[in-house]
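Student: Residue numbers (UniProt numbering), protein chains in the order written: chain A, 1 to 328; chain B, 1 to 328; chain C, 1 to 328; chain D, 1 to 328.
We treat Cβ as the ideally placed atom computed from N, Cα and C, and that holds for glycine.
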């Protein structure tokens with residue numbers, strides 16, 4: 001890391017999220033600002049193994065800030081999990097005269113970066129790009145805010161039809177291990193119940209709560225369920241169970257799926273992408289490595305990559321209580 | 001029908017669609033303009049049986065034009081399918097001093113209206129409100145244009161993530177008997193393949209076509225499938241089949257579901273609602289009955305309700321060809 | 001025109017409109033389907049004079065269907081209005097081995113095409129691309145539907161704040177010579193008054209009408225004004241006049257401006273673009289020229305370019321009446 | 001303040017902002033949760049003077065979470081600025097058996113609340129509702145996030161047409177005293193220049209910067225200008241000046257205006273509204289007064305109202321630098 005950084009590469013890795021293009025754009029422009037070169041690696045680590053890189057200048061990232069997905073494409077690479085794969089990747093890294101790497105992605109992508117750094121002394125900075133918001137060291141991950149708006153807009157539409165028909169809707173949203181999307185979008189969409197991986201209230205409590213809603217005069221309801229909900233039942237099983245036990249309800253299920261990953265990023269995610277991308281380049285120029293940039297208390301901070309991968313940040317109890325109160 | 005019309009009622013019936021509120025608003029304001037009274041029947045025919053009616057004035061429909069769903073609510077009424085049910089409904093119709101009925105809904109709702117008219121001589125005018133666009137006598141049904149935009153916006157988001165990962169997505173859209181949504185939204189979203197109830201191309205042709213796409217360098221694809229697709233396979237079975245036969249593809253399924261019914265109506269649907277609602281009231285004032293208002297060649301026309309229910313309008317062959325050409 | 005068409009060029013000219021990219025895409029894919037070559041001319045006629053052309057294949061138009069603006073760019077060319085300019089353009093036309101031209105634009109662009117055709121026998125087909133919907137020979141121009149949705153969405157937002165404060169808003173929308181946007185978006189947005197170039201109701205009638213609204217209990221109002229409104233007053237003068245004569249109102253002005261031209265095209269415009277683009281290429285292959293493709297009665301038709309330029313299609317009286325009734 | 005709180009009132013005051021309805025809803029539901037009564041005061045302080053109050057229960061706030069504006073309406077009250085006006089307001093406050101007041105608004109509304117508290121010992125809690133984000137004691141005001149998204153979406157549309165025509169657009173956004181909207185939406189929209197009240201770079205620097213952009217190959221540009229920009233020139237004067245000095249540019253102006261205040265709130269603003277509303281009620285129940293609730297470091301905090309009104313929070317220098325780097 002004592003060598004001067006004059007040329008870096010940036011990649012997007014793992015599941016895509018809105019704002020990744022804006023982050024790549026920020027990395028590229030920060031390189032130009034700092035008079036260093038920048039390359040883009042296509043399809044994440046696999047692209048480095050395949051030597052699939054393109055030079056990136058100001059022009060390459062024109063009009064990308066508003067686009068969902070990632071124009072560098074993303075992939076999960078099995079080969080990079082092997083010593084041989086990483087050796088190939090490093091060979092290409094050196095042949096392209098690269099000095100450092102910016103990895104935009106989640107846990108898995110950062111772990112890959114850490115191993116690569118350990119084996120080949122490649123300076124790596126991570127940018128947390130995932131809609132799940134489940135990464136330690138940043139209060140908000142890139143794409144999370146956009147995903148929340150997407151989910152809320154869709155549930156607003158579902159509520160239109162739910163309240164026209166006195167229906168009960170189970171809406172499954174992303175979040176295998178973390179309930180951030182379910183809890184926040186659930187509050188935002190005015191959901192009557194929210195089921196998340198962090199809490200197992202039990203299916204009986206759901207029935208009780210729906211009965212209370214019913215008695216208070218509500219004729220339609222929305223239950224938001226995170227993929228990784230802890231009841232041990234799929235959203236379809238939950239719906240069946242409720243329909244059997246509350247035959248007065250006309251129950252429907254909607255699984256939002258991959259649309260949650262796409263879409264033009266919100267202003268929040270675009271600004272966040274800009275700040276994280278600029279800071280990532282600055283850290284490399286300062287000779288730093290093995291850090292993830294993040295936003296905390298509205299400031300751009302950095303966290304040890306190892307910590308970012310190992311630790312988790314938790315659902316706020318206050319938010320659970322707010323959700324309870326608002327669903328009265 | 002020789003009696004002068006001085007008080008009418010309006011209901012929304014069957015599946016809801018965007019623009020129903022705007023149509024109710026237009027009916028109400030056309031009544032005020034023509035100095036007649038207007039009541040709203042809650043929950044379709046069932047509300048008439050239950051005598052659940054509310055007076056509607058200009059104030060009641062304020063700020064409704066932009067809202068999805070139907071504030072009069074909708075329902076399917078088993079009771080109205082019986083002679084006794086309809087007799088109850090008629091009793092309430094008379095006791096409320098109603099002279100005529102405007103029914104906003106689809107096929108089933110119009111059939112109910114025709115029987116009610118036959119049995120009790122109640123003047124009935126239908127307004128075609130359904131996202132499926134499958135009603136004879138109108139080139140566009142109320143809510144269809146909005147649903148198309150909803151579907152295209154969602155598929156745009158899915159494409160973001162599809163093209164970031166070289167994925168093949170099967171997207172199921174509404175349309176049990178008609179492929180209007182699938183075909184038009186498929187073209188609008190730039191789908192590589194579109195499967196509709198009106199055409200059975202066979203699953204082998206799908207595989208062939210995807211192979212052609214693949215060879216031409218496409219690395220991600222969207223296949224739009226109407227609910228009532230004629231391959232005889234569910235969208236999940238289709239996806240499984242393709243994944244087995246084209247293992248190079250990472251296949252995903254997204255079922256859009258009820259969100260397609262909701263949302264703030266498009267300008268087209270709002271204007272259409274206005275024109276249809278105004279014309280429905282005019283027809284009643286002209287002493288007409290058993291007609292459905294519709295839009296044809298950009299003019300508001302009327303069609304015999306019986307014809308509207310019995311006949312269907314077909315998918316345009318030109319559009320199928322355009323879809324083929326554009327997916328090259 | 002007896003020569004076989006094997007290579008054509010497409011340009012976008014004049015003011016841009018949503019759906020232009022989708023139309024270029026359709027032209028390109030229709031060329032591929034019909035085994036002919038396609039080039040894109042940059043910046044309209046000026047690009048032909050400057051020999052600024054690019055080859056277009058399926059890849060060049062990937063992911064363009066959802067984008068507003070025109071990636072071929074547009075411009076107004078003074079040089080093309082001269083004999084010398086057109087001679088230069090024709091020289092480049094021949095040197096690029098082009099057989100025919102597709103021009104996406106409005107009146108002015110078509111006039112240019114007609115003169116070019118007269119002088120140099122170049123087969124020309126026009127596609128009506130303008131948000132103003134003021135072209136004879138098509139019930140809908142490309143971009144008009146999208147612009148209506150844009151305007152309605154913005155006025156919905158303005159109404160939020162208007163009704164929170166009992167305010168009267170004057171909203172100026174595009175339409176120098178035609179009131180299509182003002183009338184339809186005005187109805188769609190539930191405007192209390194709509195001022196268009198085709199009708200001069202006089203400013204006193206506006207005051208009267210606002211007084212009626214006020215008496216009926218309305219505490220906020222939206223007046224939609226087309227740029228080319230016939231009162232002879234600017235929207236700011238109108239607002240001043242009303243504020244002086246109705247001091248009880250808190251009057252505000254909003255000029256929507258160029259945002260109306262942008263944005264991702266609606267499904268309607270995308271499908272229309274596909275149909276028009278495909279048909280334009282077919283007409284050229286059939287040896288036709290000097291025609292504009294259009295949509296009438298939901299079918300793709302063609303009109304003599306001269307007629308398209310000289311004639312106008314008029315505002316529907318029925319729509320004016322509907323607007324009146326709905327603003328009660 | 002030693003009396004037990006059993007009945008409170010909530011009002012929205014000053015300029016409206018998206019999320020105000022969601023905040024009222026949260027206050028109402030928090031009251032129900034805590035078994036106290038809640039009333040809504042119409043049109044801010046003026047409504048209290050006019051004794052225009054309505055009881056609010058769970059039903060009154062149904063389906064309000066997604067709506068822009070404020071259903072309680074807002075106003076600026078001259079009368080409340082007088083001792084007599086406040087005396088009348090207090091008389092009504094007592095006659096309605098109210099124990100405390102929640103005021104949703106900005107600086108001016110809080111000042112009113114403080115004086116009311118001083119004179120009549122009325123417990124007051126403020127919720128910062130304004131799109132300007134210029135209130136000390138909270139990192140985000142209610143409605144700010146939504147306004148940012150609105151501005152960015154509109155500028156995305158303007159960019160479509162700007163880049164189709166090589167145009168330079170001056171876009172004026174709200175912010176008389178604070179550049180938060182201009183700076184963040186400018187970064188989010190990828191603006192080439194951002195002019196804010198906090199910094200006077202001088203018009204010559206703008207010309208220099210546009211020249212640099214031009215030389216780097218940019219053919220279109222967006223300059224975002226806050227209302228309160230310090231150049232001392234209006235956005236139209238700025239545009240004129242640049243057009244005269246850079247005749248190669250086709251310059252246009254767009255003033256976004258009041259649309260920035262409207263629209264369905266973003267998920268962020270809805271969740272924020274929920275948390276602030278719940279906390280405001282809790283503080284009253286804890287016997288607190290003269291506090292403003294806010295969000296800091298992702299926690300709900302409270303600040304002395306006096307501080308909130310007197311102090312300001314500043315633009316982050318880091319953000320100015322990021323804006324500079326990204327506009328390269």
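#1: Residue 38(D) touches chain A at which residues, Cβ-Cβ below 9 Å?
#2: Taking residue 306(D) as the reference, which of 98(D), 135(D), 213(D), 255(D) has the closest Cα?
#3: Using only alpha-carbon positions, find the residue among 199(B), 175(B), 211(B) that is nearest to residue 227(B).
#4: Using a Cβ-Cβ distance cut-off of 8 Å, determine whether residue 100(D) contacts chain C.
#5: Whole angstroms is fine: what's the gap from residue 144(D)'s alpha carbon to residue 65(D)'s?
#6: Use the C-beta contact count for residue 212(C): other C-beta atoms within 10 angstroms, 16 or more gives buried, fewer gives exposed.
#7: Within the stretch 110 to 190 of chain B, note down every full beta strand (DSSP E) run reaching 3 residues or more, in order along the chain.
#8: For the stretch 239 to 265 of chain C, enumerate the residues whose C-beta is nearer than 7 Å to any C-beta of chain D, in chain order.
#9: Considering Cα atoms alone, identify which of 111(B), 298(B), 223(B), 86(B) is closest to residue 156(B).
#10: Can you tell me the Cβ-Cβ gap for residue 141(C) and residue 130(C), rounded? I've got them flagged as a contact below 8 Å.
#11: Starting from the Cα of residue 179(D), find the closest Cα among 153(D), 313(D), 6(D), 138(D) and give me that residue.
#12: Distance, Cα to Cα, residue 258(A) vs residue 43(A)?
#13: Are there three or more Cβ pairs, one per stretch, closer than 8 Å when the stretch 7 to 15 of chain B is compared with the stretch 92 to 102 of chain B?
#14: Is residue 75(A) helix, strand or coil when you go by DSSP?
#15: Closer than 7 Å, Cβ to any Cβ of chain A: which residues of the stretch 141 to 156 of chain D, in chain order?
#16: Between the alpha carbons of residue 167(C) and residue 73(D), how many angstroms are there, rounded?
#17: Where do the ends of the alpha helix (DSSP H) carrying residue 322(B) lie?
#18: Compute the Euclidean distance between the alpha carbons of residue 330(A) and residue 271(D), then round it to the nearest angstrom.
#19: Residue 152(D) to residue 159(D), Cα distance in whole Å?
#20: Give the straight-line distance between the Cα atoms of residue 377(D) and residue 78(D), rounded to the nearest whole angstrom.
#21: When you compare only the Cα positions, how much space is there between residue 317(B) and residue 278(C)?
#22: Cutting at 8 Å between CB atoms, please list the residues of its own chain near residue 310(D), excluding the five before and the five after it.
#23: Could you pull the DSSP bridge partners for residue 254(D) from this structure?
#24: Please check if any C-beta of chain D sits within less than 8 Å of the C-beta of residue 175(A).
#25: For residue 36(A), which three-state DSSP category applies?
#26: Suppose you measure from the CA of residue 236(D) to the CA of residue 161(A); what does that come to, to the nearest Å?
#27: Looking only at its chain, what residues have a beta carbon closer than 8 Å to the beta carbon of residue 91(C), apart from the 5 residues adjacent to it on each side?
#28: Taking any Cβ of chain C, which residues in the stretch 197 to 220 of chain B have a Cβ under 7 Å from it, in chain order?
#29: List the residues of chain C that residue 75(D) touches, going by C-beta distances under 7 Å, in chain order.
#30: Cβ of residue 158(B) less than 8 Å from any chain A Cβ?
#31: Restricting to runs no shorter than 4 residues, where is the alpha helix (DSSP H) found entirely within the stretch 251 to 313 of chain B?
#32: Residues of chain D with a CB under 7 Å from the CB of residue 184(A): which are they?
#33: With three or more C-beta pairs closer than 8 Å as the rule, is the stretch 24 to 41 of chain C touching the stretch 54 to 61 of chain C?
#34: When DSSP labels each residue in this structure, what does residue 194(D) get in the three-state scheme?
#35: Rounded to the nearest angstrom, what separates residue 63(A) and residue 276(C) at their Cα positions?
#36: Taking 8 Å as the cut-off, does the stretch 21 to 31 of chain B touch the stretch 279 to 286 of chain B (at least 3 CB pairs, one atom from each stretch)?
Tutor: Straight from the coordinates:
#1: By one-based count along the fourth chain, residue 38(D) stands at place 38. Within 9 Å Cβ-Cβ: nothing; residue 38(D) doesn't reach chain A, min ~12 Å.
#2: The residue labelled residue 306(D) in the question sits at position 306 within the fourth chain. Of 98(D), 135(D), 213(D), 255(D), the residue nearest in Cα terms is 135(D).
#3: The residue given as residue 227(B) occupies position 227 in the second chain. The shortest Cα separation from residue 227(B) among 199(B), 175(B), 211(B) belongs to 175(B).
#4: In the fourth chain, counting from the first residue as 1, residue 100(D) sits at position 100. No, residue 100(D) lies away from the interface with chain C (no Cβ there is under 8 Å from its Cβ).
#5: Position 144 of the fourth chain, counted from the start, is the residue given in the question as residue 144(D). Position 65 of the fourth chain, counted from the start, is the residue given in the question as residue 65(D). In a straight line, the C-alpha of residue 144(D) is about 16 Å away from that of residue 65(D).
#6: As a working mapping, residue 212(C) is identified with position 212 in the third chain. Label assigned to residue 212(C): exposed.
#7: 124 to 128, 167 to 173
#8: 252, 254, 255, 257, 258, 259, 261, 262, 263
#9: As a working note, residue 156(B) is residue 156 in the second chain. Comparing Cα-Cα distances from residue 156(B) to each of 111(B), 298(B), 223(B), 86(B), the minimum goes to 223(B).
#10: Residue 141(C) sits at position 141 when you count from the first residue of the third chain. Residue 130(C) sits at position 130 when you count from the first residue of the third chain. Their Cβ separation, rounded to whole angstroms, is 5 Å, which keeps residue 141(C) and residue 130(C) in contact under 8 Å.
#11: Along the fourth chain, one-based indexing puts residue 179(D) at 179. For the residues 153(D), 313(D), 6(D), 138(D), the minimum Cα distance to residue 179(D) belongs to 313(D).
#12: On the first chain, residue 258(A) is found 258 positions in, with the first residue counted as 1. On the first chain, residue 43(A) is found 43 positions in, with the first residue counted as 1. One C-alpha to the other measures close to 19 Å.
#13: yes
#14: Along the first chain, read from residue 1 onward, the residue named residue 75(A) stands at position 75. The answer is coil: DSSP assigns residue 75(A) none of H, G, I, E or B.
#15: 145, 148, 149, 152, 156
#16: As a first step, residue 167(C) is located in the third chain; it is residue number 167 there, counting from the start. As a first step, residue 73(D) is located in the fourth chain; it is residue number 73 there, counting from the start. Roughly 11 Å separates the two Cα atoms.
#17: In the second chain, counting from the first residue as 1, residue 322(B) sits at position 322. 317 to 326 is the span of the alpha helix (DSSP H), which, as asked, contains residue 322(B).
#18: Limits of chain A in this structure are 1 at one end and 328 at the other, which puts residue 330(A) out of reach.
#19: Here the question's residue 152(D) lines up with position 152 in the fourth chain. Here the question's residue 159(D) lines up with position 159 in the fourth chain. Each residue's alpha carbon lies about 10 Å from the other.
#20: This structure gives no information on residue 377(D), because the portion of chain D shown stretches from 1 to 328.
#21: Indexing the second chain from 1 puts residue 317(B) at position 317. Indexing the third chain from 1 puts residue 278(C) at position 278. Near 14 Å, if we compare the C-alpha coordinates of residue 278(C) and residue 317(B).
#22: On the fourth chain, residue 310(D) is found 310 positions in, with the first residue counted as 1. These residues qualify, in order along the chain: 136.
#23: Here residue 254(D) refers to the residue found at position 254 when the fourth chain is read from its first residue. BP columns for residue 254(D) point to 171(D).
#24: The count along the first chain starts at 1 and reaches residue 175(A) at position 175. For residue 175(A), the answer is no, since every Cβ of chain D falls outside 8 Å of its Cβ.
#25: In the first chain, residue 36(A) corresponds to position 36, counting from 1. Looking at residue 36(A) - three-state DSSP - the assignment turns out to be coil, as it is neither helix nor strand.
#26: Within the fourth chain, numbered from 1, the residue matching residue 236(D) stands at position 236. Within the first chain, numbered from 1, the residue matching residue 161(A) stands at position 161. Taking the straight line joining both Cα atoms gives about 46 Å.
#27: As a working mapping, residue 91(C) is identified with position 91 in the third chain. Cβ neighbours of residue 91(C) beyond the five flanking positions: none.
#28: 216, 217
#29: Taking the first residue of the fourth chain as 1, we reach residue 75(D) at position 75. The answer, in chain order, is 165.
#30: In the second chain, residue 158(B) corresponds to position 158, counting from 1. Chain A contact via Cβ: present.
#31: 267 to 285, 305 to 310
#32: As a first step, residue 184(A) is located in the first chain; it is residue number 184 there, counting from the start. 267, 271, listed in chain order.
#33: yes
#34: Mapped onto the fourth chain, residue 194(D) falls at position 194. Looking at residue 194(D) - three-state DSSP - the assignment turns out to be strand.
#35: Along the first chain, one-based indexing puts residue 63(A) at 63. Along the third chain, one-based indexing puts residue 276(C) at 276. In a straight line, the C-alpha of residue 63(A) is about 27 Å away from that of residue 276(C).
#36: yes
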